[in-house]
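Below: one structure, written as structure tokens.
What follows is the structure in structure tokens.
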């Protein structure tokens, strides 16, 4: 499946240099001031500002591990909960910030043919995967901490799953009656692996920091806890670790040695909070 970079989706994008709207000209998105962005052969559009060049997104190995792990269905309860909370109309636009492989975004789009999605991620490796996830999804490389390359009020729903949150920009891009769905890990998340494998633990203040980061632009209107027990073989544990930020600081050989002594299957807790927000 190829990325759906058509005129309708390009019309909700804007130039990262001057913020003017973009229009599609063949395989190039152009703004009225002459800035042009070619569609990559892998199907994504790179709208990363020059000032963000060199920023570290997920590596090819991390994206590959995520693709394998998510394909096993162990995180399907998170996707299922997002689908239930989405409450979309037939032709709504869904934007995911930090979309990765677009696993959650493609699930939320469901079967509605006119429903469309835009996957935003700073990683070109992730963007390549997202471009192939669903023909209704346009895959765009951008920096979530800067201005998002979307026009005001473009999205009816925004997803943010284990990803950076730029509250002002997310509020600007959402329609006034739109909603933001945020997924964050709880302290019990992967608790059985944290100490044994040396993973990054969840900050005790994460919930407070989430509230503080969004409260100025959003009002919390709902939420739920998603908690399941996962039964993971050692290969699944390896892929799970390699897709997380912990992979950046772990020695791979030492990681495999630690995984080798785990019971098989390993019983691991999935515990996340899904919160629902509306722009103020």
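In this note's numbering, the protein residues as written are 397 to 676.
Just so you know, even glycine gets a beta-carbon here, dropped at the ideal spot from N, CA and C.
{"Asked": "7 Å Cβ shell around residue 488 - same chain, five flanking residues per side excluded", "Found": "511, 552, 553"}
{"Asked": "Residue 462 beta carbon less than 7 Å from that of residue 639", "Found": "yes"}
{"Asked": "Under the three-state DSSP convention, the category residue 419 falls into", "Found": "strand"}
{"Asked": "Beta-carbon spacing of residue 585, residue 667 below 7 Å", "Found": "yes"}
{"Asked": "DSSP state of residue 469 mapped onto helix, strand, coil", "Found": "coil"}
{"Asked": "DSSP three-state assignment for residue 644, whether helix, strand or coil", "Found": "helix"}
{"Asked": "Rounded separation between residue 678 and residue 531 - CA only", "Found": "Because residue 678 is not part of the residues shown, which for the chain are 397 to 676, the question remains open."}
{"Asked": "Which residues DSSP lists as bridging residue 546, in chain order", "Found": "409"}
{"Asked": "Beta-carbon spacing of residue 580, residue 669 below 7 Å", "Found": "yes"}
{"Asked": "Buried versus exposed, by CB contacts within 10 Å (16 or more), residue 673", "Found": "buried"}
{"Asked": "Reference residue 509; option with closest CA among 495, 485, 641", "Found": "485"}
{"Asked": "Delimiting residues of the beta strand (DSSP E) encompassing residue 487", "Found": "Counting along the chain, residue 487 falls outside any beta strand (DSSP E), and DSSP gives it neither H nor E."}
{"Asked": "Chain-order list of residues whose beta-carbon lies under 6 Å from that of residue 398 (same chain, five-residue window excluded)", "Found": "For residue 398, the predicted model reports a pLDDT of 47, less than 50, meaning its position is unreliable; a value from the coordinates is still stated below. Only 439 meet the Cβ criterion."}
{"Asked": "Rounded distance between the beta-carbons of residue 424 and residue 436, thought under 8 Å", "Found": "At roughly 11 Å, the Cβ-Cβ gap does not stay under 8 Å, so residue 436 and residue 424 are not in contact."}
{"Asked": "Residue(s) in a DSSP beta bridge with residue 432", "Found": "426"}
{"Asked": "Cut-off 7 Å between Cβ atoms - residues of its own chain near residue 598, not counting five sequence neighbours on either side", "Found": "581, 582, 583, 585"}
{"Asked": "Residue 444, buried or exposed, once every other Cβ within 10 Å from all chains shown has been counted against 16", "Found": "buried"}
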